[in-house]
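Number of protein chains: 8
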Amino acid sequence: MNIKDILQRLEAGKITRDQAEQEIKALSYQDLGYAKVDFHRRERTGFSEVIFCEGKSIDHITGIISAMLKKGENILGTRVKEDHWSVLQDQFPGLNINKQARVFWQHNNQPPITESAIAIVTAGTSDIPVAEEAAITAEFFGNRVERLYDVGVAGIHRLMDNMEVLRSAKVLIVVAGMEGALPSVVGGVVDAPVIAVPTSIGYGASFNGIAALLGMLNSCAIGVSVVNIDNGFGAACQASMINKI
Amino acid sequence: MNIKDILQRLEAGKITRDQAEQEIKALSYQDLGYAKVDFHRRERTGFSEVIFCEGKSIDHITGIISAMLKKGENILGTRVKEDHWSVLQDQFPGLNINKQARVFWQHNNQPPITESAIAIVTAGTSDIPVAEEAAITAEFFGNRVERLYDVGVAGIHRLMDNMEVLRSAKVLIVVAGMEGALPSVVGGVVDAPVIAVPTSIGYGASFNGIAALLGMLNSCAIGVSVVNIDNGFGAACQASMINKI
Amino acid sequence: MNIKDILQRLEAGKITRDQAEQEIKALSYQDLGYAKVDFHRRERTGFSEVIFCEGKSIDHITGIISAMLKKGENILGTRVKEDHWSVLQDQFPGLNINKQARVFWQHNNQPPITESAIAIVTAGTSDIPVAEEAAITAEFFGNRVERLYDVGVAGIHRLMDNMEVLRSAKVLIVVAGMEGALPSVVGGVVDAPVIAVPTSIGYGASFNGIAALLGMLNSCAIGVSVVNIDNGFGAACQASMINKI
Amino acid sequence: MNIKDILQRLEAGKITRDQAEQEIKALSYQDLGYAKVDFHRRERTGFSEVIFCEGKSIDHITGIISAMLKKGENILGTRVKEDHWSVLQDQFPGLNINKQARVFWQHNNQPPITESAIAIVTAGTSDIPVAEEAAITAEFFGNRVERLYDVGVAGIHRLMDNMEVLRSAKVLIVVAGMEGALPSVVGGVVDAPVIAVPTSIGYGASFNGIAALLGMLNSCAIGVSVVNIDNGFGAACQASMINKI
Amino acid sequence: MNIKDILQRLEAGKITRDQAEQEIKALSYQDLGYAKVDFHRRERTGFSEVIFCEGKSIDHITGIISAMLKKGENILGTRVKEDHWSVLQDQFPGLNINKQARVFWQHNNQPPITESAIAIVTAGTSDIPVAEEAAITAEFFGNRVERLYDVGVAGIHRLMDNMEVLRSAKVLIVVAGMEGALPSVVGGVVDAPVIAVPTSIGYGASFNGIAALLGMLNSCAIGVSVVNIDNGFGAACQASMINKI
Amino acid sequence: MNIKDILQRLEAGKITRDQAEQEIKALSYQDLGYAKVDFHRRERTGFSEVIFCEGKSIDHITGIISAMLKKGENILGTRVKEDHWSVLQDQFPGLNINKQARVFWQHNNQPPITESAIAIVTAGTSDIPVAEEAAITAEFFGNRVERLYDVGVAGIHRLMDNMEVLRSAKVLIVVAGMEGALPSVVGGVVDAPVIAVPTSIGYGASFNGIAALLGMLNSCAIGVSVVNIDNGFGAACQASMINKI
Amino acid sequence: MNIKDILQRLEAGKITRDQAEQEIKALSYQDLGYAKVDFHRRERTGFSEVIFCEGKSIDHITGIISAMLKKGENILGTRVKEDHWSVLQDQFPGLNINKQARVFWQHNNQPPITESAIAIVTAGTSDIPVAEEAAITAEFFGNRVERLYDVGVAGIHRLMDNMEVLRSAKVLIVVAGMEGALPSVVGGVVDAPVIAVPTSIGYGASFNGIAALLGMLNSCAIGVSVVNIDNGFGAACQASMINKI
Amino acid sequence: MNIKDILQRLEAGKITRDQAEQEIKALSYQDLGYAKVDFHRRERTGFSEVIFCEGKSIDHITGIISAMLKKGENILGTRVKEDHWSVLQDQFPGLNINKQARVFWQHNNQPPITESAIAIVTAGTSDIPVAEEAAITAEFFGNRVERLYDVGVAGIHRLMDNMEVLRSAKVLIVVAGMEGALPSVVGGVVDAPVIAVPTSIGYGASFNGIAALLGMLNSCAIGVSVVNIDNGFGAACQASMINKI
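Residue numbers (the numbering used here), protein chains in the order written: chain W, 124 to 368; chain S, 124 to 368; chain U, 124 to 368; chain Z, 124 to 368; chain V, 124 to 368; chain P, 124 to 368; chain A, 124 to 368; chain E, 124 to 368.
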């Protein structure tokens, strides 16, 4: 059952306009009052709704998970607050969790894994939590992921040594804090799209990731686009779209 | 008794200039030393004084409440600090409280409820605390409120489905964090004034609400004005003025 | 002829879905390639489309004016570039212009003038161009306007002397540069909504209007909302909505 | 002849290390003193070197064009200064130019045109120069381009009317100034990657594109990445990489 | 004994250059290694050294107090950290403290009190901690202080009622957060210098006092200068210099 | 004739309330429509109204000058636009002008010159225009001025050599761009108030005077307050108030 | 064994290209998965790898220390988190620690101490933690260090008294918060390079060190360069390079 | 004749204190009123005074040049305004000029050229004007300079090809705009100090060099310090100090 069907039945006079409206609504989201869970998103964008936990009360989060589980949706939650973990684990024992990356997930329908890979590259060890948010998200949506961590520009031979990983990827996510120079260097040696993720790693004039963000936006390399600071999730979504073409 | 009367008695020689001065002062505010409670504000602006709790010590807050209760004023306090709740509830058991919205209130004279409504709309579930500050404030001043939560632009059919709520309101308060795009979309489909409230929901380059604030100030839609980040209270005051015209 | 009619004819089988689509499109906007002139906006928002000239080439501007004139629309253009005036005046002799306010306008259907008034108040003489953008816009949409200029807070008796103008308005637009304090003072003495317009007047740490903008967003007065720096037009649109309630 | 060949001949003792070095260098770039023209870039990244004209003297620009023409390279120059046009047209009559988009280009080897398309969408008419920089760049590299201009969120029916264009594209470039909300709305209705380009269109608190940039970085939609303000060129390069997968 | 004496004895041959150097050093500061306590400051600037406690370890603070007490200096410490109070009170029972203002002080030589007064005015109750830092500092240096608190511009009659306090002061310190408009209004009605102190009171676009700071720097009133955000101490020092002329 | 007289006549019944209102208004300002010239300011603040020319049209400026000349006021205009000079000189041959400082002035009643002096000190030669705006303003209001230019901290012996000038002043204006360090050094060696004026001299990370402004606001010296960037006028007004105590 | 040797053996046919690759990699870094420890850095830059602890988990930190100890490297760790100290001290009893400076270190090969000295100078006592990070780092790499603390510009005689220390150093590190003026004054009196370190000491408009950073970048003195806010470590590295020339 | 001599004669009674003062002043600077030319600077810092032309009137500039020529000083002027060139060349035909770098210079005593070299490296061709300001300044002070231009990170083989230039320099100046990544890469492969110069080359989110500045301040490489945006002169001064050790 989808929207086109409903409209055809309306045109054919099988249902009234009011009935059509009700059916379309039921198809597309559930109104919990505090949230309108968007079941239609996967149809439109290829991704089911993901729970952004920041700023939500634990009651709202668990309510949304329950509603999605009932519909048989795959579950992914990001940016979980430290003190919400215990409730989540108690109430939903089926959830997988990664506290470093601050995400939880559960598959009801495991998607097939792609042959082509997304390479996820970090400048430093401190950037790993953001990289893992990206990696888990990408895997959640069925992508093969290649991790290449701690190959920042201050020791550029570490990057050069791993050129094969870079060159074989269909799309790359490059994660860096501080001066955020790594995407420019990577972008200069590959012919695949690079999605740059600035991280808030650094201090002083890093301004919680502004320095890295600006560096990446001004990259002199070709084929580099940027997402929000620490937004591993967003980078993985776009990379997944590209990887699945 | 009001200022005009006092001035006429001065002119008529019934009171001295010193007496006139004393009477006018007594009429208009009470000097607690640390605060000059403005009883005259309702006459000037239609709103009694509201207690902005941020930065005030608990002693100052309770002192102001006491002074206002003695005068029979309606009480509304906003931005309450977490650790002030217990003192407030102990000392003033008549107070209504909403911890999520960080407000307390008490009516001594319940104002009549308007027929026309203020619609309060949020982009996400995380914006609800700010929206509730607005909703409670609006209701405190006697307005009918219609809540429409979690209808952000990434799933625009959820908004389109509820056009009736939007179109029937006399004035709208639209609350959004992140990119703050919702007021532009709403402003494009209604012919009533839209008061946009940016929230500090988001991370990284949201800069605690700056991104949403700037988005709203630059709205390409007509009829949108903006208040401070997270300022549900201020939006409700202006909306109330408009709704009561 | 409107959208509802078209949909009913579609349902009744009088027109095909393709025909319905064409008719709805023709009803609502004209596609010039470089612009999609929105004839439907007045129906939705109460305002016809206004031409924001900044960044548009003179060819695009004249093309849009011509398209609107052919449809019999009222014309209003804002933020006109200095070197576009002569072409506009040559090509459209019917246009009224105000170079200080950088606007042009032409009525094909003069709207009736409201009884109630919008007060437009400035802190200084230098703020007048922005105030006039607001005043002309408000008058264009059929509002009565009361101007009160150069009553800034450094000589507060000038404001106090004109309290009657302030108090009799249904809604006020308060325009100020530098520290932008005037809306707070005005907001403290009236019970009507105040729409504050920061201007770029000032130097140094005024940062082209940021100081005034921030001052207004943080106003301690009740009932004040804010529009973009120098946005007299936007303030007038919202004021018009309120004034016409 | 490529690097691998040279290294094999070195290993085979056919050339000395010095000879190998010279050959590799000649293969990869030409040193003009003020510029090292990177002939090897196409091999690495799939794109030949492009001339970023900002800040370069006209002598340096013409020198680089001449060097590239001699090698038979395709020529693309961006961000041309107003007063450089006449010299460029005099000296290189074969150049195509677009002054609005500030680019020039010339093909020596016309690449084949892709079947799949890049959709280039703008919020307003004023955003067209940036969109055209993207469109010409994309076409220069052999991509089919679909233009959809002036469909901003204040009149969202114009966007809805053209859903087909949006949905049929393999990748989308969405160009917007002011509040930059369009990519979020587009990202919510398509399942292809969206590359958002903020423009410097706006005034006051748009801060020359910062408002749009922040809005796009904070997009609540999935699959949106961002490039620098006014960087139509960069968006086109990444879109081309994706479109050609 | 002072510098002039030492130099005369050097010239007269009564002491060697080395001796002169030693004597001048002993006269002027004591080197504690981690601090060079400046006993000479009072001679140069009229103020003895004051202990700025922010960022100093408790050991450094107590070491400096001890060194100053031994020299018989008056003691004033500002910006004390919450968890340093108990050590300070235990170790130096003679200290007066004010935790709200975060200062401690002790007189060994009580200066005489001036006849003329410094008026210290606040916009709100929340600004009192900063105002008290100023008031205590001013009194520490022997100034008479008049406090006038909670007279912000949203209820301007409270200010007008107390014009006498404003007009009788030799110099005024005006303390305000949020939009920081009060100094402009006060500066417009007095003929004495106004030292404006922005406070970090506010939220959202107050940016911890930036809005108030910018407002004050851009004051349209005459005779207003500004000190750092929350810098009651600095304002009091300059006010004291002026009050003692 | 002053306000007190008018009020007494009102109380005595010699005039009506309407007459009193008219008389008070006439006494205090003249309404030119585009400006309300504040003749009462001198009574309140000790300074007659000064014409801030930035953003005013030449017609408004000449209109205000004419109105003030008719009332016999002293004239001072600041921040004159380059292309207004010729009209001003033609129309008002009695004006003194200083183009470097961008000011004009004319005395109808020359005030007496003070015995005590204001020292005006600059860090560099490039700061002189701002210093001269201060110097001319101070002299306009009857102050003796001592100029000490180009004594910045990079050659601190130049400052030390002129300690006498610094120490003999009753109040100092210290003008500096770039890092703005001079007020801290001067403030450390004098016991008079220092008013610091940041200038927009510098480049790059001076951000048109922000670096100097921040440096001065954070001065570790005692007795330093700050005015807006390039605001020589404002510094002179406050200095004049202090110098005349 | 070094890279040159390996390449010669490759050329001589003694090893295969695969073997050469393995040998070079083993020579230069160890891949721990989460980190690629760069043993080759000392050869390239003169400094062994230093552990930047910010943002790293305690497991990653101890893993890297262990890997380095096994290779016999000297150990230096910076920016240690408060709650990591106990694990570090338990697990590696050989580590020296300085909690104020937040560093740990251990020598396996003590480098010889230089004859020439690096002078490390602070404006205040509160700047000492950053200065000590620099001092310990410099000593770790074998430099003689002269400390001169609390000689800020508000009491410039304290600096002048210690000119000998300043003048005898081969290179100077000058550490200051607040207005950051000290490097300019020091730079004006020495002929050796000055490396300026802004600190986050201050409040309000110091913006966590931005004021000091901007002041130092705009220094009018010659020979001053700047490192990141609170980056004592970076300053010491460059100073060590210069001191060892 | 130097200061020590003068002081000894004072001590010996050969001159009075007044005479001593006069002699010391004459020795060290010449007071032109608008400038105090610092002839003593070379003695203190190793560099004669350099004329920073920004913000100075042409009369002041020529006055300073004349005074310096009379004393036989070497002349260097930076940041010359476009319309000052003709006067300078007419009045001082002996001046060398470089308009691209905006500098003029003239030697009266040619310093000897160093054997060791300063390498000056740029990321792009557009950075050359800043690099030339550095190169000419360095040569003016007697340093050998190696130029290596247009070796930015997007084509990193161009840098790798020229490792010899990088490795043989005693100190490096690395000039880059946009993301400013080059100093990090260079700093990772050399063991000499790197002075990074951000340039204002770029657009949009480069914010006139802020992106590059922040990138360089946050460099993950060791031994990198930074000067102001576009400050080639300052980098050259420090590099010269280091190169001459």
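A virtual CB, placed ideally from N, CA and C, is assigned to each residue, including glycine.
Since this is a predicted model, take the numbers as computed values, not measurements.
The C-alpha of ALA277(V) is placed about 21 Å away from the C-alpha of ASP353(V).
Of the candidates VAL312(Z), VAL313(Z), GLY300(Z), the residue whose Cα lies closest to the Cα of GLY325(Z) is GLY300(Z). The C-beta separation of PHE356(Z) from THR260(Z) comes to about 5 Å, placing the pair in contact by the 8 Å criterion. The shortest CA-to-CA distance from SER180(Z) to any of PHE264(Z), LEU337(Z), GLU205(Z) is the one to GLU205(Z).
The C-beta separation of VAL312(U) from LEU289(U) comes to about 7 Å, placing the pair in contact by the 8 Å criterion.
Counting the other CB atoms within 10 Å of its CB gives ILE241(W) a total of 16 or more, which places it among the buried residues. Contacts between SER329(A) and chain P, judged by CB atoms closer than 9 Å, involve LEU337, LEU340, ASN341 in chain order.
Between ILE243(S) and ALA292(S), the alpha-carbon positions lie close to 9 Å from each other. Counting only residues of its own chain and dropping the five nearest sequence neighbours on each side, SER323(W) has a CB closer than 7 Å to the CB of GLY300, ASN331, GLY332, ILE352, ASP353. Rounded to whole angstroms, the Cβ separation of ALA344(U) and PRO306(U) is 7 Å, and the two are in contact under 8 Å. In the structure shown, ARG202(V) falls within a coil segment according to DSSP collapsed to helix, strand and coil.
Taking a contact as a CB-CB distance under 8 Å, the pair VAL274(S) and LYS159(W) counts as one, their CB atoms being some 6 Å apart. By DSSP's assignment, GLN153(S) forms a beta bridge with VAL160(S). When PRO234(A), GLU256(A), TYR157(A) are compared, the shortest CA-CA separation from TYR272(W) is found for TYR157(A). For CYS360(U), the neighbours in chain S by C-beta distance under 8 Å run, in chain order, ILE345, GLY346.
By the C-beta density criterion, VAL268(U) is buried, having at least 16 other C-beta atoms within 10 angstroms. At a cut-off of 8 Å between beta carbons, MET364(W) contacts chain Z.
Excluding its 5 nearest sequence neighbours in each direction, VAL203(U) has C-beta neighbours in its own chain below 6 Å: CYS176, ARG225, listed in chain order. Taking the Cβ atoms as the reference, ASN221(E) lies roughly 16 Å from ASN197(E), outside the contact range of under 8 Å. Nearest in C-alpha terms to VAL320(P), of all of GLY217(V), VAL347(V), PRO235(V), is VAL347(V). Between GLY195(P) and ILE174(P), the C-beta spacing is not below 8 Å. For PRO252(A), the enclosing alpha helix (DSSP H) covers residues 251–263. Judged by DSSP in its simplified three-state form, ARG225(E) adopts coil rather than helix or strand. In this structure, GLY303(V) sits away from ALA254(V), with a CB-CB distance that is not shorter than 8 Å.
Rounded to whole angstroms, the separation of the alpha carbons of ASP154(V) and ARG281(W) is 49 Å. For the options GLU134(P), SER239(P), VAL294(P), PHE227(P), the alpha carbon positioned closest to that of ILE138(S) is the one of GLU134(P). The Cβ of ASP273(S) sits closer than 8 Å to at least one Cβ of chain W.
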